[in-house]
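Asker: Mind looking over this structure? Questions follow.
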Amino acid sequence: MTTRNDLDIIQQWIEPGSRVLDLGCGDGTLLQMLKGQKGVEGYGLEIDPDKITACIGNGVNVVETNLDEGLSQFADKSFDSVVMTQALQVMRYPHLVLDEMLRVGKECVITFPNFGNWRARFYLLTRGRMPVTKQLTYQWYDTPNIHFCTVEDFEALCAEKRLQVLHREFVAARVPDRQIKGIWPNLFSDTAIYHLSK
Amino acid sequence: MPEVIPENSVGIVTPEVVQFDEPLTLACGRTLEQYQLVIETYGELNADASNAILICHALSGHHHAAGYHSASDRKPGWWDNHIGPGKPFDTNRFFVVSLNNLGGCHGSTGPTSINPQTGQPWGPDFPPLRVRDWVESQVRLSDRLGIRQWAAIVGGSLGGMQVMRWALEHPERLRHAVVIASAMKLSAQNIAFNEIARNAIRSDPAYGDGHYLERQAVPRTGLGLARMIGHITYLSDELMGNKFGRELRSGSFQRGQDNPIEFQVESYLHYQGDAFANAFDANTYLLMTKALDYFDLAREYNNDPVEAFRHALCDFLVVSFSTDWRFAPERSREIVEALIAANKNVCYAAIDSQLGHDAFLLPNERYEQILTAYMNRIEREGPAR
Numbered sequence: 001m002t003t004r005n006d007l008d009i010i011q012q013w014i015e016p017g018s019r020v021l022d023l024g025c026g027d028g029t030l031l032q033m034l035k036g037q038k039g040v041e042g043y044g045l046e047i048d049p050d051k052i053t054a055c056i057g058n059g060v061n062v063v064e065t066n067l068d069e070g071l072s073q074f075a076d077k078s079f080d081s082v083v084m085t086q087a088l089q090v091m092r093y094p095h096l097v098l099d100e101m102l103r104v105g106k107e108c109v110i111t112f113p114n115f116g117n118w119r120a121r122f123y124l125l126t127r128g129r130m131p132v133t134k135q136l137t138y139q140w141y142d143t144p145n146i147h148f149c150t151v152e153d154f155e156a157l158c159a160e161k162r163l164q165v166l167h168r169e170f171v172a173a174r175v176p177d178r179q180i181k182g183i184w185p186n187l188f189s190d191t192a193i194y195h196l197s198k
Numbered sequence: 001m002p003e004v005i006p007e008n009s010v011g012i013v014t015p016e017v018v019q020f021d022e023p024l025t026l027a028c029g030r031t032l033e034q035y036q037l038v039i040e041t042y043g044e045l046n047a048d049a050s051n052a053i054l055i056c057h058a059l060s061g062h063h064h065a066a067g068y069h070s071a072s073d074r075k076p077g078w079w080d081n082h083i084g085p086g087k088p089f090d091t092n093r094f095f096v097v098s099l100n101n102l103g104g105c106h107g108s109t110g111p112t113s114i115n116p117q118t119g120q121p122w123g124p125d126f127p128p129l130r131v132r133d134w135v136e137s138q139v140r141l142s143d144r145l146g147i148r149q150w151a152a153i154v155g156g157s158l159g160g161m162q163v164m165r166w167a168l169e170h171p172e173r174l175r176h177a178v179v180i181a182s183a184m185k186l187s188a189q190n191i192a193f194n195e196i197a198r199n200a201i202r203s204d205p206a207y208g209d210g211h212y213l214e215r216q217a218v219p220r221t222g223l224g225l226a227r228m229i230g231h232i233t234y235l236s237d238e239l240m241g242n243k244f245g246r247e248l249r250s251g252s253f254q255r256g257q258d259n260p261i262e263f264q265v266e267s268y269l270h271y272q273g274d275a276f277a278n279a280f281d282a283n284t285y286l287l288m289t290k291a292l293d294y295f296d297l298a299r300e301y302n303n304d305p306v307e308a309f310r311h312a313l314c315d316f317l318v319v320s321f322s323t324d325w326r327f328a329p330e331r332s333r334e335i336v337e338a339l340i341a342a343n344k345n346v347c348y349a350a351i352d353s354q355l356g357h358d359a360f361l362l363p364n365e366r367y368e369q370i371l372t373a374y375m376n377r378i379e380r381e382g383p384a385r
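Chains as they are written, first to last, in this note's numbering: chain A, 1 to 198; chain B, 1 to 385.
In structure tokens:
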């Protein structure tokens, strides 16, 4: 789930008046916000019919697209920023999506749920079952989230791909995690937000 | 005949004839000294004329898009599913204009009209038309109706081509373009089907030199055959399978019996062909399919659709249907990609339907939701842009 707080963090990394592509744009909340506050020219890609209808009604540019089929329709560097909030973990090939985001965009912003959060670890440790939490409410068999990662995993992927981390922010909804997330993000944050370039 | 005219129908409508006496120079270089367009309108034009929607029809369409001409009509207009009170093109809120294009055979000047120079029907001598000629005649119609800027221009298939041409040629005269099941140009396969249809008409002995109206003849066989070919391409394999399968209309598969069998699908095609041959003009069919074949949105923009769409000022809604192989979803995606590259506002929905190209004419819940959402937005944003 993307909170208002997440959107505020993302927003500060988007240049005013830039061209933004939002992968899995939902009902278009982020793009509407970026259009209103930053005057961006934004396009969203979405596959869910109801969310597409919501975007159309909200006046958000939305293109019905299956992201697993890639972004080959877009030219290299045709966007200033490519954004993906809370969708990396549902992709069939997250690492290829990341490559595509940085081919199509000059920069990218990614948010994902941190599976390294202590609550998930504790759940698995004590119950021996795949974590079902307030943030991650699905059972293992019906979850659309097929590629979970932790903050450490994502850092390792960025290093392997030699990506430049321009900014990283960590979000935790609950106390005491919120106060101490800075000490050990991989343990205490529930959402990670990365700003990357090549 | 409808038992009672439904509440969400525009009801009984009467076509109007609009006469134009200012000569219209056509893309082919010839001039029509005068011409008429037959139109229907639904709903009320508001005080600042900002709520008008123009409907552009496809190959065999006409002005009668919604409602009934009389209480004894068996069927309403061709897009009655979408036009009416509370429907996506809501006549309580919008003023909807539908016309029969120039070159048509439903009341607008075309091959069946009298050529003033000969006193005989134009027939095959009617000037060839291009999509841009239709757009120019529609611009004049807009002036006549006092509509400076359309809230939206809407069209499916060949109608979508008119919408896109409007957006490039008269960008300031529309705020929204709704392009449904269309393409920036036909594929070779599309043209091939059209040529078979034309050949069927031309090789009908009744067609002769094309002046069949003077001989009180109708190339019924050729026209019916043309429609049968067209009809196959408007439906999906899946739909034909579900609708007809290998069901028999008459005869049997009994071994040793020699009675000729007729499949349901054959009977259906014959019915469609016959109905069309009684309602349409062969020269108009030739003219319309040629306009369709020649349409090429970006040809004069260095064959670059992005460069072409840079001329547009309106926002776009593009819609395609999954089993449409005549105007496949890929063709719509090409439009969308060019619009994005040209930095234009665009929404695109790819609707699941087993109905093939014909889906754009038929009821579909998601299709209606999308059109409704877009039209609500148009109303909310209003003319101040």
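Virtual Cβ for every residue (Gly too), placed ideally from N, Cα, C.
Please read these numbers as outputs of a predicted model, since none were measured by experiment.
Considering only the alpha carbon of each residue, which of B:R310, B:G11, B:W78 lies closest to L297 (chain B)?
Answerer: Counting from 1 along the second sequence, the entry for residue 297 (chain B) is found at position 297. Ranking B:R310, B:G11, B:W78 by Cα distance to L297 (chain B) puts B:R310 first.
Asker: Which same chain residues, not among the five before or five after N51 (chain B), have their C-beta less than 6 Å away from its C-beta?
Answerer: Translated into positions along the second sequence, residue 51 (chain B) becomes position 51. F94, F95, A151.
Asker: Check whether the Cβ of V13 (chain B) sits closer than 8 Å to any heavy atom of the ligand SAM, and report yes or no.
Answerer: Looking at this structure, you won't find the ligand SAM or any other ligand, since it has none at all.
Asker: Counting Cβ pairs closer than 8 Å, one from the segment 184 to 191 of chain A and one from the segment 149 to 166 of chain A, do we hit at least three?
Answerer: Judged by Cβ distances under 8 Å, the segment 184 to 191 of chain A makes contact with the segment 149 to 166 of chain A, as three or more pairs qualify.
Asker: Find out if the Cβ-Cβ distance for the pair V139 (chain B), M161 (chain B) is shorter than 9 Å.
Answerer: Mapped onto the second sequence, residue 139 (chain B) falls at position 139. Mapped onto the second sequence, residue 161 (chain B) falls at position 161. Contact flag unset, no.
Asker: Hey, is Y35 (chain B)'s beta-carbon within less than 9 Å of any beta-carbon in chain A?
Answerer: Taking the first residue of the second sequence as 1, we reach residue 35 (chain B) at position 35. By this cut-off, Y35 (chain B) is not an interface position.
Asker: Looking at the unbroken beta strand (DSSP E) that takes in R19 (chain A), where does it start and where does it end?
Answerer: Within the first sequence, the letter at position 19 stands for residue 19 (chain A). 19 to 23 is the span of the beta strand (DSSP E), which, as asked, contains R19 (chain A).
Asker: Who are the neighbours of E381 (chain B) on chain A, taking C-beta pairs under 9 Å?
Answerer: By 1-based counting over the second sequence, the position of residue 381 (chain B) is 381. Within 9 Å Cβ-Cβ: G59.
Asker: Where does M91 (chain A) sit, in a helix, a strand or coil, going by DSSP?
Answerer: One-based indexing of the first sequence puts residue 91 (chain A) at position 91. Of the three classes helix, strand and coil, the one that applies to M91 (chain A) here is coil, per DSSP.
Asker: Which residues, taken in chain order from the segment 326 to 353 of chain B, show a beta carbon closer than 8 Å to some beta carbon of chain D?
Answerer: Note that chain D does not occur in the displayed structure, where the protein chains are A and B.
Asker: Does chain B have any CB closer than 9 Å to the CB of Q37 (chain A)?
Answerer: Within the first sequence, numbered from 1, the residue matching residue 37 (chain A) stands at position 37. No, its Cβ sits nowhere closer than 9 Å to a Cβ of chain B.
Asker: Would you mind giving the Cβ-Cβ distance between N194 (chain B) and L269 (chain B), rounded to the nearest angstrom? I have them listed as a contact below 8 Å.
Answerer: For the purposes of this step, residue 194 (chain B) is taken as residue 194 along the second sequence, with counting starting at 1. For the purposes of this step, residue 269 (chain B) is taken as residue 269 along the second sequence, with counting starting at 1. Rounded, the Cβ-Cβ distance is 17 Å, inconsistent with contact.
Asker: What is the residue span of the alpha helix (DSSP H) that A387 (chain B) lies within?
Answerer: The structure shown does not extend to residue 387 (chain B), since chain B is modelled only from 1 through 385, so no value can be given for it.
Asker: Give a yes or no on whether the minimum CB-CB distance between R119 (chain A) and chain B is below 9 Å.
Answerer: Translated into positions along the first sequence, residue 119 (chain A) becomes position 119. So no, R119 (chain A) is outside the interface.
Asker: Could you pull out every residue in the same chain whose Cβ sits closer than 7 Å to the Cβ of V265 (chain B), ignoring the five residues on either side in sequence?
Answerer: As a position in the second sequence, residue 265 (chain B) is number 265, starting the count at 1. So the list reads M240, F244, once near-sequence residues are dropped.
Asker: If I'm right that A308 (chain B) touches L186 (chain B) with Cβ under 8 Å, what's the distance once you round it to whole angstroms?
Answerer: On the second sequence, residue 308 (chain B) is found 308 positions in, with the first residue counted as 1. On the second sequence, residue 186 (chain B) is found 186 positions in, with the first residue counted as 1. Not quite, the Cβ-Cβ distance comes to about 16 Å (not below 8 Å), so this is no contact.
Asker: With a floor of 3 residues, list each beta strand (DSSP E) that falls wholly inside the segment 134 to 203 of chain B, ordered by position along the chain.
Answerer: Listed in chain order, they are 152 to 156, 176 to 180.
Asker: Mind checking who C347 (chain B) pairs with in its DSSP beta bridge?
Answerer: Counted from its first residue, the second sequence places residue 347 (chain B) at position 347. Looking at the DSSP assignment, C347 (chain B) forms a beta bridge with B:L317.
Asker: Taking the C-alpha atoms as reference points, what is the distance between G273 (chain B) and S108 (chain B)?
Answerer: Taking the first residue of the second sequence as 1, we reach residue 273 (chain B) at position 273. Taking the first residue of the second sequence as 1, we reach residue 108 (chain B) at position 108. Whole-angstrom Cα-Cα distance: 23 Å.
Asker: L37 (chain B) and V10 (chain B) look like a contact to me (Cβ under 8 Å); what is the Cβ gap, rounded to whole Å?
Answerer: The residue you call residue 37 (chain B) lines up with position 37 of the second sequence. The residue you call residue 10 (chain B) lines up with position 10 of the second sequence. The pair is not a contact, with the Cβ atoms about 20 Å apart (cut-off 8 Å).
Asker: With a CB to CB cut of under 7 Å and the five nearest residues on each side skipped, what residues in its chain are close to I201 (chain B)?
Answerer: Translated into positions along the second sequence, residue 201 (chain B) becomes position 201. Excluding sequence neighbours, I201 (chain B) sits near Y207, P219, G222, L223, A226, A282, Y285, L286.
Asker: Contact defined as beta carbons within less than 8 Å: I believe I52 (chain A) pairs with M84 (chain A). What is the distance between those atoms, to the nearest angstrom?
Answerer: Taking the first residue of the first sequence as 1, we reach residue 52 (chain A) at position 52. Taking the first residue of the first sequence as 1, we reach residue 84 (chain A) at position 84. In fact, because the Cβ distance is near 17 Å, the residues do not count as touching under 8 Å.
Asker: Where does T25 (chain B) land, buried or exposed, given buried means 16+ other C-beta within 10 angstroms?
Answerer: Reading the second sequence from its first residue, position 25 is the one you call residue 25 (chain B). Exposed: under 16 other Cβ atoms inside 10 Å.
Asker: On a CA-only basis, which of B:R144, B:L145, B:G103 is nearest D125 (chain B)? Give me that one, please.
Answerer: Start at 1 with the first residue of the second sequence, and residue 125 (chain B) comes out as number 125. That would be B:G103, whose Cα lies nearest to the Cα of D125 (chain B).
Asker: Relative to the C-alpha of N387 (chain B), which residue among B:I5, B:E33, B:H106 is closest?
Answerer: Only positions 1 to 385 of chain B appear in the structure, and residue 387 (chain B) is not among them; the question remains open.
Asker: Output the boundary residues of the alpha helix (DSSP H) element that contains K38 (chain A).
Answerer: Within the first sequence, the letter at position 38 stands for residue 38 (chain A). Start and end: 29 to 38.
Asker: Buried or exposed: which applies to A318 (chain B), given that a residue is buried once 16 or more other Cβ atoms fall within 10 Å of its Cβ?
Answerer: Here the question's residue 318 (chain B) lines up with position 318 in the second sequence. The sequence as given places Val at residue 318 (chain B); Ala does not occur at that position. Buried, by the Cβ-count rule.
Asker: To be precise: take each residue of the segment 41 to 71 of chain A, compare its Cβ to all Cβ atoms of chain B, and keep it if any distance is under 9 Å. Which residues remain?
Answerer: So the close ones are E41, Y43, P49, D50, I52, T53, A54, C55, I56, G57, N58, G59, V60, N61, V62, V63, E64, T65.
Asker: Count the other C-beta atoms from every protein chain shown that fall within 10 angstroms of the C-beta of L34 (chain A), then say buried if there are 16 or more, exposed otherwise.
Answerer: Residue 34 (chain A) sits at position 34 when you count from the first residue of the first sequence. Buried, by the Cβ-count rule.
Asker: Along the alpha helix (DSSP H) that carries T289 (chain B), what are the first and last residues, could you check?
Answerer: Translated into positions along the second sequence, residue 289 (chain B) becomes position 289. Taken as a continuous stretch (DSSP letters only), the alpha helix (DSSP H) holding T289 (chain B) covers 282 to 294.
Asker: Would Y207 (chain B) pass as an interface residue toward chain A - the criterion being a Cβ-Cβ separation below 9 Å?
Answerer: Locating residue 207 (chain B) in the second sequence gives position 207, where the first residue counts as 1. Cβ-Cβ to chain A under 9 Å: no for Y207 (chain B).
Asker: At the 9 Å Cβ level, is A181 (chain B) part of the contact set with chain A, yes or no?
Answerer: By 1-based counting over the second sequence, the position of residue 181 (chain B) is 181. With 9 Å as the cut-off, A181 (chain B) does not count as an interface residue toward chain A.
Asker: Tell me the rounded alpha-carbon separation between L32 (chain B) and P15 (chain B).
Answerer: Position 32 of the second sequence, counted from the first residue, corresponds to residue 32 (chain B). Position 15 of the second sequence, counted from the first residue, corresponds to residue 15 (chain B). When rounded, the distance between both Cα atoms is 23 Å.
Asker: What in chain A is Cβ-close to I370 (chain B), meaning under 7 Å?
Answerer: To locate residue 370 (chain B), count along the second sequence from 1; it is residue 370. Neighbours of I370 (chain B) on chain A, chain order: T53, I56.
Asker: Determine the contact status of E169 (chain A) and S81 (chain A), defining contact as a CB-CB distance below 9 Å.
Answerer: The count along the first sequence starts at 1 and reaches residue 169 (chain A) at position 169. The count along the first sequence starts at 1 and reaches residue 81 (chain A) at position 81. No, the Cβ-Cβ distance between E169 (chain A) and S81 (chain A) is not below 9 Å.
Asker: So the alpha helix (DSSP H) A279 (chain B) belongs to, where does it begin and stop?
Answerer: The residue you call residue 279 (chain B) lines up with position 279 of the second sequence. 264 to 279 is the span of the alpha helix (DSSP H), which, as asked, contains A279 (chain B).
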